[in-house]
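Chains A and P, in that order, are what the protein sequence lines are.
Heads up: the first sequence is residues 16 to 178, going by the working numbering.
Heads up: the second sequence is residues 1473 to 1894, going by the working numbering.
Have a look at the structure below before the remarks.
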Amino acid sequence: MKLCGKVFRYGDNVDTDVIIPARYLNTSDPKELASHCMEDIDAGFAKEVRPGDIIAAGKNFGCGSSREHAPIAIKAAGISCVIAATFARIFYRNSINIGLPILECPEAAESIRAGDEVEADLKTGAIRDITLGRTYRSEPFPEFIEKIIESGGLMNAIAAHRI
Amino acid sequence: MTQKILADHAGLGSVKPGQLIQAKVDLVLGNDITAPVAVKRFEEAGLSSVFSRDRIALVMDHFTPNKDIKAAQQCKCVREFARKHGIINFFDVGQMGIEHALLPEKGLVVPGGLYIGADSHTCTYGALGAFSTGVGSTDMAAAMARGTCWFKVPGALRFRLHGKPKKWVSGKDVILTIIGITGVDGARYKSMEFCGDGLINLTEDDRLCMANMAIEAGAKNGIFEVDGVTLRYVKSHSKKPYRIFKADEDAEYEKTYDIDLGKIEPTVAFPHLPSNTHPVSECKNIKIDQAVIGSCTNGRIEDLRTAAEIIGGRKVAPGVRCIIIPATQRIYMQAMEEGLLKAFVEAGCAVSTPTCGPCLGGHMGVLAEGERAVSTTNRNFVGRMGHTKSEVYLASPAVAAASAIAGRIAEPDEVTGRGNQQ
């Protein structure tokens, strides 16, 4: 699966409280959550994001609360993939479980700039910054994780008896 | 310890860090924010039955008593699911408490168990020598159906605790100090294992508070060696069978930290990270608008006793709102019988029914632009307790109580007028 889009860039320790503030957790509607995604650190995000766009960030992306609303909001906002130096573990598993592709790659996370066009290949783990003309390698997922993402999440994979 | 519990529940002789395993869970937990998403996933997948009626706990604690119509709808969804599937451990307003205070108190979690919860602070039960960790709603849905969950086996960090904490130093100060050392991702994906000759000087409430905040160092779980203190707690709260897992003499740790409890000062984490810690003595004239004493971190009876020791017979400073939230109904009752609630109300505090409310800026104490709170909760991220331009300083119940009286972040002894030699 190849993903391509424009990059929104953030720093280290982006926590789930800024990805989707708790004041909006009285709903689990993906569209409504998406409309407030990133609002506390990037007020323009929800308006500017286009389907396929990519988030690139520093270390420990998604730290804090276990709210699955965070990857749900990011996915529903149209983001095709999150690239970070490292991810916080609950966010990591939540993203896989709901079928939001995420790639861990410190080199890419450091170099990619806001607004760059980036292409990510989930099969090989290759991340290509088209604007800068550079390619980076991230560790591809093991097969069972890939099946979960391809199925659109853990529950779909279970329902389809793929795992 | 963690690896042994995981291996046991996965039916394997042993496991190695990095290994992906499927393990049986002894209990799966959800609350009024995360369970509605899990219920939706469960139903969308066309699943018709849960793996066990008594190994699922649903606690309506975050936005309850319901703060608005949407929150009420969410609770209704969980309530209906609980009724439909005959969930035995469903706790609604009137019986409920904050989940991570409630489950140990009800005896639902015991040493050697494997617990997951769709709430990041599920790591609290490690204080009892169990493996427990936070997961997402989809994991919760899958576990409610199958009774299993996938895990990557974590490597371990060892924290050897020595000595005895000084007066006014609690588990909160110890864990904040440790997070100050490791940083918010220093234990990412790892298990924090607490042991050492200083353990005996930490009460069970101290340990629950410390394991609770393991996630703030990025850890998968925090776990304490089981000793007499643990067993006294477990035996007085639970009739469930338990198992004690001990670390091997030659167990491998990625790193060992030696912590002298006697050197730890009352500690405050400044905005906007729990790792941004300073001794309270460095807090000069930090005026506050609000003090919150409660939460899954610090809403237990010892926390309230400490707060009452400082607040009792005094008055909350003009211009400060002091909100006190016993974490469970039983703690509320106990605090009432001991006269703590009377002391709080007489001092001008607001006392609330159990709720997570203000900790995550839900209700019962949301901050306005430019306001500052000292809070015994666990996170001080941007906008955590309200407006994005508000600030949260994390501290122990003793420091929060002293600050409520002083009107600024203060040392307990400044307020009580005693030396710290006791």
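For glycine and all other residues, C-beta sits at the position ideal for the given N, C-alpha and C.
Since this is a predicted model, take the numbers as computed values, not measurements.
Residue i, enclosing beta strand (DSSP E) - first and last residue
i               : result
residue 96(A)   : 96-99
residue 149(A)  : 149-152
residue 1895(P) : The structure shown does not extend to residue 1895(P), since chain P is modelled only from 1473 through 1894, so no value can be given for it.
residue 1696(P) : 1693-1696
residue 1632(P) : 1628-1634
residue 132(A)  : 132-136
residue 1531(P) : 1528-1531
residue 1750(P) : 1749-1751
residue 69(A)   : 69-72
residue 1741(P) : 1739-1741
Residue i: contacting residues in chain P (beta-carbon distance under 7 Å)
i              : result
residue 120(A) : In chain order: nothing, as chain P lies at least about 16 Å away.
residue 161(A) : Residues of chain P passing the Cβ test: none, with the nearest at roughly 13 Å.
residue 113(A) : 1610
residue 108(A) : 1607, 1608 and 1611
Nonlocal neighbours in the same chain, by C-beta distance under 6 Å from residue i, ignoring five residues either side
i               : result
residue 1492(P) : 1624
residue 1862(P) : 1839 and 1843
residue 1543(P) : 1535
residue 1610(P) : 1513
residue 1869(P) : 1765, 1770, 1775, 1778, 1779 and 1848
residue 1599(P) : 1679, 1680, 1683 and 1696
residue 1689(P) : 1651, 1654, 1658 and 1659
residue 1645(P) : 1736, 1738, 1739 and 1868
residue 1730(P) : 1632
residue 1855(P) : none
residue 1804(P) : 1798
residue 1703(P) : none
residue 90(A)   : 115
Rounded distance between the beta-carbons of residue j and residue i, thought under 8 Å
i               : j               : result
residue 1871(P) : residue 1738(P) : 5 Å
residue 74(A)   : residue 1657(P) : 6 Å
residue 1665(P) : residue 1695(P) : 5 Å
residue 117(A)  : residue 107(A)  : 7 Å
residue 1626(P) : residue 1661(P) : 6 Å
residue 154(A)  : residue 19(A)   : Not a contact, Cβ separation roughly 20 Å.
Amino acids of chain P, ordered along the chain, whose beta-carbon sits closer than 8 Å to that of residue i
i              : result
residue 134(A) : Per Cβ cutoff of 8 Å: no residues; residue 134(A) is ~28 Å from chain P at best.
Own chain partners of residue i with C-beta closer than 7 Å, once the 5 adjacent residues on each side are dropped
i               : result
residue 1476(P) : 1717
residue 1550(P) : 1504, 1507, 1508, 1511, 1530 and 1532
residue 124(A)  : 71, 72, 73, 98, 99 and 100
Cβ neighbours of residue i in the same chain (closer than 8 Å, five flanking residues each side left out)
i               : result
residue 1787(P) : 1819, 1820 and 1877
residue 1802(P) : 1569 and 1577
residue 36(A)   : 51, 54 and 55
residue 1517(P) : 1613 and 1617
residue 1607(P) : 1588, 1589, 1590, 1594, 1615 and 1621
Segment limits, alpha helix (DSSP H) that includes residue i
i               : result
residue 144(A)  : From DSSP, residue 144(A) is part of no alpha helix (DSSP H) but of the beta strand (DSSP E) over 141-144.
residue 1509(P) : 1507-1516
residue 1808(P) : 1801-1809
residue 112(A)  : 104-113
residue 1603(P) : Not the alpha helix (DSSP H): residue 1603(P) falls in the beta strand (DSSP E), residues 1603-1606.
residue 31(A)   : 31-34
residue 1684(P) : 1676-1684
residue 1495(P) : It is not in any alpha helix (DSSP H) - residue 1495(P) instead sits in the beta strand (DSSP E) that spans 1492-1496.
Contact test: residue i Cβ vs the ligand HEM heavy atom, cutoff 6 Å
i               : result
residue 1670(P) : With respect to the ligand HEM, the structure shown offers nothing to examine, as it has no ligands at all.
Chain A contact residues for residue i, given Cβ-Cβ distances below 9 Å
i               : result
residue 1546(P) : 40, 41, 42 and 43
residue 1660(P) : 74, 75, 78, 101, 102, 103 and 104
residue 1518(P) : 174
Proximal residues of chain A, C-beta to C-beta of residue i below 7 Å
i               : result
residue 1508(P) : 43
residue 1606(P) : 81 and 105
residue 1860(P) : 55
Neighbouring residues, chain A, relative to residue i (Cβ below 8 Å)
i               : result
residue 1535(P) : 40 and 41
- Query: If we count Cβ pairs, one from each stretch, closer than 8 Å, do we get three or more for the segment 1812-1823 of chain P versus the segment 1579-1597 of chain P?
  - Reply: no
- So, do the segment 1615-1622 of chain P and the segment 1495-1503 of chain P have three or more beta carbon pairs nearer to each other than 8 Å? yes
- Item | Touch test, the segment 95-113 of chain A against the segment 18-32 of chain A, Cβ-Cβ under 8 Å, three pairs minimum | yes
- Task: State whether the segment 1664-1679 of chain P contacts the segment 1626-1638 of chain P, with contact taken as three or more CB pairs (one from each stretch) at a distance under 8 Å.
- Result: yes
- Query: Does the segment 1757-1766 of chain P touch the segment 1782-1799 of chain P, meaning 3 or more C-beta pairs lie closer than 8 Å?
  - Reply: yes
- Is the segment 144-164 of chain A in contact with the segment 33-49 of chain A, if contact means three or more CB pairs nearer than 8 Å? no
- Would you call the segment 1579-1586 of chain P and the segment 1677-1685 of chain P touching, i.e. three or more CB-CB distances under 8 Å? no
- Query: Are three or more beta carbon pairs between the segment 1523-1534 of chain P and the segment 1555-1571 of chain P nearer than 8 Å?
  - Reply: yes
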